[in-house]
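In the working numbering, the protein residues as written are 145 to 395. A virtual CB, placed ideally from N, CA and C, is assigned to each residue, including glycine.
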């Protein structure tokens, strides 16, 4: 089993070029997955490089409000925390920061044969833009069904973006995510500002706060707990290392 990785907010150093900080985190941690912590200065804009359908997925998780995504004939208003997934190289777009700095994660996940098989079977209609607060909720046997007040939201549903998926967990303390294990999922967390909770993964037990990040390898038991007056508030990004199951005729 690989090592649990914890990256504290204060250890993420950002350098700006033309108004943009685009800092890789967990470099070379998992093959094919590159995650960047980004800040776009107020009033600045950035046009990301496009990627082909057989190259990589790009996901943008906007941490705060204040800006918009501009396409030639329409815009997406970043009025709150949001997810944005472009339609590969079909159309150029520009990310604009408003009157305040715009913080976000830029996740790149290389596309392999498992991704392509999945994309040829079913996929999200892209581009996808959605505010996190508008994402649909679900529960699990180790959260709501176990008595936790945690609210879980699907941001990118399993099987609809190749091997990639994403969710958002929010719980006002006392709250918890019960211990559980993913046999085939690599998992990364980004902790939202204002959040404070204790995370246990394998033999590691650590207090996390807003701006911290984690990487939890497959087959690692993990869970979270927070006390009264505190809050669990984070996004998880998962990679199904063997792909999600497909119907036999699609394999």
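- Shortest Cα-Cα distance from residue 269 to any of 249, 300, 290 involves 300.
- The DSSP-derived three-state label of residue 215 is coil.
- Between the alpha carbons of residue 206 and residue 232 lies a gap of roughly 19 Å.
- According to the DSSP secondary-structure assignment, residue 183 is paired through a beta bridge with 165, 247.
- In the three-state DSSP reduction, residue 330 falls in the strand class (E or B).
- The way I'd put it, the segment 250 to 268 doesn't touch the segment 213 to 223; fewer than three beta-carbon pairs between them come closer than 8 Å.
- For the pair residue 346 and residue 382, the Cα-to-Cα distance works out to about 18 Å.
- Excluding residues up to 5 positions away in sequence, 258, 259, 261, 262, 306, 307 lie with their Cβ nearer than 8 Å to the Cβ of residue 387 in the same chain.
- By the Cβ neighbour-count rule, residue 321 is buried, with 16 or more other Cβ atoms within 10 Å of its own.
- Non-local beta-carbon contacts of residue 316 in its own chain, meaning distances under 6 Å to residues more than five positions away in sequence, involve 375 in chain order.
- In terms of CA proximity to residue 210, 187 leads the group 204, 193, 187.
- Nearest C-alpha to residue 357 among 343, 292, 302: 343.
- When the Cα atoms are used, residue 203 and residue 166 turn out to be separated by approximately 14 Å.
- For residue 261, there is no enclosing beta strand (DSSP E); the enclosing alpha helix (DSSP H) has its first and last residue at 257 to 265.
- Approximately 6 Å separates the beta-carbon atoms of residue 327 and residue 362; this is inside 8 Å, confirming the contact.
- Put simply, the backbone Cα of residue 163 is about 8 Å away from that of residue 183.
- DSSP, read as helix, strand or coil, puts residue 389 in coil.
- In this structure, the beta-carbon distance from residue 349 to residue 339 does not fall below 8 Å.
- Per DSSP, residue 222 lies in no beta strand (DSSP E) segment and is marked neither H nor E.
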